[in-house]
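Here the protein sequences line up with chains A and B, keeping their order. To convert, note that position 99 of the first sequence is 219 in the working numbering; the numbers rise steadily by one, no gaps. To convert, note that position 50 of the second sequence is 52 in the working numbering; the numbers rise steadily by one, no gaps. Ideal placement from N, C-alpha and C gives every residue a C-beta, glycine not left out. Since the structure is predicted, the reported quantities are computational estimates derived from the model, not experimental observations. Notes follow once the structure below has been shown.
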Amino acid sequence: DVKVTQSSRYLVKRTGEKVFLECVQDMDHENMFWYRQDPGLGLRLIYFSYDVKMKEKGDIPEGYSVSREKKERFSLILESASTNQTSMYLCASSLGNNQPQHFGDGTRLSIL
Amino acid sequence: AQSVTQPDIHITVSEGASLELRCNYSYGATPYLFWYVQSPGQGLQLLLKYFSGDTLVQGIKGFEAEFKRSQSSFNLRKPSVHWSDAAEYFCAVGASVTGGGNKLTFGTGTQLKVEL
Numbered sequence: 121d122v123k124v125t126q127s128s129r130y131l132v133k134r135t136g137e138k139v140f141l142e143c144v145q146d147m148d149h150e151n152m153f154w155y156r157q158d159p160g161l162g163l164r165l166i167y168f169s170y171d172v173k174m175k176e177k178g179d180i181p182e183g184y185s186v187s188r189e190k191k192e193r194f195s196l197i198l199e200s201a202s203t204n205q206t207s208m209y210l211c212a213s214s215l216g217n218n219q220p221q222h223f224g225d226g227t228r229l230s231i232l
Numbered sequence: 003a004q005s006v007t008q009p010d011i012h013i014t015v016s017e018g019a020s021l022e023l024r025c026n027y028s029y030g031a032t033p034y035l036f037w038y039v040q041s042p043g044q045g046l047q048l049l050l051k052y053f054s055g056d057t058l059v060q061g062i063k064g065f066e067a068e069f070k071r072s073q074s075s076f077n078l079r080k081p082s083v084h085w086s087d088a089a090e091y092f093c094a095v096g097a098s099v100t101g102g103g104n105k106l107t108f109g110t111g112t113q114l115k116v117e118l
């Protein structure tokens, strides 16, 4: 079974801090994704990557950046955290284009 | 751009009753369609997928979905709901993007409550 592991289930940070969310997958998947999930809004794509060192903006990239130095790891970075970035963050990976995405359990991030 | 509409925010059914969750999509080409389920505090789990071929697809946990191109729909069904099916359900459409890769666009979800 594919395993997507997010480093923290819960995280509390302060406004203005630089925040790192880490995601690791163990199935040699090409594609990796970061979403945020908010009530009533479903999942919205922040960034995705289809190869090492490659990244593409999703639908809501403002205030975020990403890093993919190794195939198995995809990091989401909040450069200067703000309260409107309080949310559930979900990482996913897929084998290739239009293949099913496999999700981690999510990180619930609170910015105070 | 592709989009997905799940018109029902909340649905309540009795245990043992049948279930249908609605999903309508908008996409210019042949879509790749998915249904996912999310239990509280968990990530999303794939229930089933449609890529091509038979328009009735079977998934895990006794779920099925039917692709109807003429109606741009991909509704999820289960003949007899169990209390453990209470969760949030998401429909998604996949599309290729310029420059490579692909992405999913998700609906806003339907929260299913099961009454015992």
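According to DSSP, residues forming a beta bridge with residue i
i, result
"A/I231", "A/K133"
"B/A31", "DSSP, once it has assigned bridges, lists no residue as partnering B/A31."
"A/V124", "A/Q145"
"B/E117", "B/S16"
"B/K105", "B/A97"
Residue i in three-state terms, based on DSSP
i, result
"B/G135", "No answer is possible for residue 135 of chain B: the residues shown for chain B start at 3 and end at 118."
"B/T57", "coil"
"A/Q205", "helix"
"B/Q73", "helix"
"B/S179", "The structure shown does not extend to residue 179 of chain B, since chain B spans only 3 to 118, so no value can be given for it."
"B/D87", "helix"
"A/N217", "coil"
"B/G96", "strand"
"A/N158", "It should be pointed out that residue 158 of chain A corresponds to Asp in this sequence rather than to Asn. A/D158: strand per DSSP, three-state reduction."
"B/A110", "In the sequence under discussion, the amino acid at residue 110 of chain B is Thr, which differs from the Ala named in the question. Three-state result, B/T110: coil."
"B/A3", "coil"
Cβ-heavy atom distance, residue i to the ligand HEM, below 8 Å
i, result
"A/R134", "In the structure shown, the ligand HEM is absent, as is every other ligand, since no ligand is present at all."
Assigned exposure category for residue i - 16 Cβ within 10 Å defines buried
i, result
"B/K105", "buried"
"B/T87", "One detail in the question is off: residue 87 of chain B reads as Asp in this sequence, not Thr. B/D87 comes out buried."
"B/I11", "exposed"
"B/P42", "exposed"
"A/G136", "exposed"
Cβ separation of residue i and residue j, assumed to be a contact under 8 Å, to the nearest whole Å
i, j, result
"A/L198", "A/G183", "7 Å"
"A/T71", "A/L131", "For residue 71 of chain A there is no data in the structure shown, the boundaries of chain A being 121 and 232."
"B/V15", "B/L21", "6 Å"
"B/V83", "B/Q4", "Going by Cβ atoms, the distance from B/V83 to B/Q4 rounds to 29 Å, so no, they are not a contact pair."
Please give the ranges of any beta strand (DSSP E) in the stretch 168-202 of chain A, keeping only runs that are unbroken, at least 3 residues long and fully inside the region. 184-190 and 193-198
Continuous beta strand (DSSP E) assignments of at least 3 residues falling wholly in the stretch 5-51 of chain B: Runs found: 5-7, 12-16, 21-23, 26-28 and 34-40.
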